[in-house]
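In what follows, a structure is listed as C-alpha cells, so that the remarks can point back to it.
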Amino acid sequence: MPASYTPKTRGSETSDKKTSSQTLDTNMSAARATVGDVLANKSGDLFWINPQDTVAKAVEVLRDKGIGALLVKNPQGELVGILSERDIVRRLADTPGETLPQTVEGLMSTDVITATPDQSVVEVLRLMTDGRFRHMPVLEQEQLVGMITIGDVVNFRLTALEYEALQLKQLIVG
Numbered sequence: 001m002p003a004s005y006t007p008k009t010r011g012s013e014t015s016d017k018k019t020s021s022q023t024l025d026t027n028m029s030a031a032r033a034t035v036g037d038v039l040a041n042k043s044g045d046l047f048w049i050n051p052q053d054t055v056a057k058a059v060e061v062l063r064d065k066g067i068g069a070l071l072v073k074n075p076q077g078e079l080v081g082i083l084s085e086r087d088i089v090r091r092l093a094d095t096p097g098e099t100l101p102q103t104v105e106g107l108m109s110t111d112v113i114t115a116t117p118d119q120s121v122v123e124v125l126r127l128m129t130d131g132r133f134r135h136m137p138v139l140e141q142e143q144l145v146g147m148i149t150i151g152d153v154v155n156f157r158l159t160a161l162e163y164e165a166l167q168l169k170q171l172i173v174g
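Take the sequence shown: its position 122, counted from the start at 1, is 122 in the UniProt record's numbering, and no numbers get skipped.
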C-alpha cells in the first residue's frame, strides 16, 4: 500500500489541474468586511431621545419604530448615552409602577462603545459579544453616521456565506 492515498475526485483522472474549495480571498472575506459594508445594507434611519425625556416617551418611540434601543443626545446634539429595552426592563424590576415617569438620563447607559465605518465586522462582533450588548452607534470623525445591531452583523455574514455557497455550487456544477 502506498505511503499516502489520494482518493479519486470528479475529473481527477483526466486533469492534473489542482482545485480547492476555498481560496485565501474567500477565507479572508469575513475578516475584511467592515462596519461600513454593514451600514450600506441598512436604511439610514436613526432614532434618538433627549436625556430629560421620560421613559414613557422612550417606550412609545421604541414600540412605534419597532427598535430595541434609542440613542440619547443632549440639546447640543452630542451622543451622551444609549437606552435599550434591557435598561428599561431592569428598572421596571427595581421600581415597579414607578418607572415610566422617570427620565431617560437615570436609566441610559453612558459608557457607550462605538464603532467606525472602517472597523472590521469581526472586531465589532467580538466587542458586542464580550460586552454583552446588541446595539452599537457608528461614528465617523466624531459625527454619528449610523447604528448597527448584532442582528445586522449576523445577517450580513449569513448573506455573505449564502453568496459564497452559491458561487461554490456554480463552480462545481458549471
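By construction, the Cβ of each residue, glycine as well, lies at the ideal position given by its N, Cα and C atoms.
Here the C-alpha atom of Gln141 lies approximately 33 Å from the C-alpha atom of Val89.
Per the C-alpha coordinates, the member of Val112, Asp152, Phe47, Thr34 positioned closest to Gly81 is Val112. Taking C-beta separations shorter than 6 Å and ignoring five residues to either side along the sequence, the partners of Arg91 in its chain run Thr99, Leu107, following chain order.
Counted as a single uninterrupted DSSP element, the alpha helix (DSSP H) harbouring Gln170 occupies residues 150–173. From the listed residues Gln52, Leu46, Val35, the smallest Cα separation to Leu62 is found for Leu46. The straight-line gap separating the alpha-carbon atoms of Lys42 and Val55 is approximately 27 Å. Cβ contact annotation for Ala69 (same chain, cutoff 6 Å, sequence separation greater than five): Ile82, Ser84, His135, in chain order.
Short of 8 Å from the beta carbon of Asp53, and not among the five residues preceding or following it, lie these beta carbons of its own chain, in chain order: Thr103, Val104. DSSP, read as helix, strand or coil, puts Leu70 in strand. Going by beta carbons, Gln119 and Val35 fall inside the 7 Å limit. As a beta-bridge residue in DSSP terms, Ile82 pairs with Leu71, Ser109. Taking the C-beta atoms as reference points, Leu139 is found nearer than 7 Å to Thr114. If you draw a straight line from the Cα of Asp64 to the Cα of Trp48, it comes to about 13 Å.
Under the three-state reduction of DSSP output, Gly146 falls in the strand class. Excluding sequence positions up to five before and after Asn74, its CB lies within less than 8 Å of the CB of Asn50, Pro51, Val80, all in the same chain and listed in chain order.
In its chain, beyond the 5 residues on either side, Ile113, Ala115, Met136 have a beta carbon closer than 8 Å to the beta carbon of Leu127.
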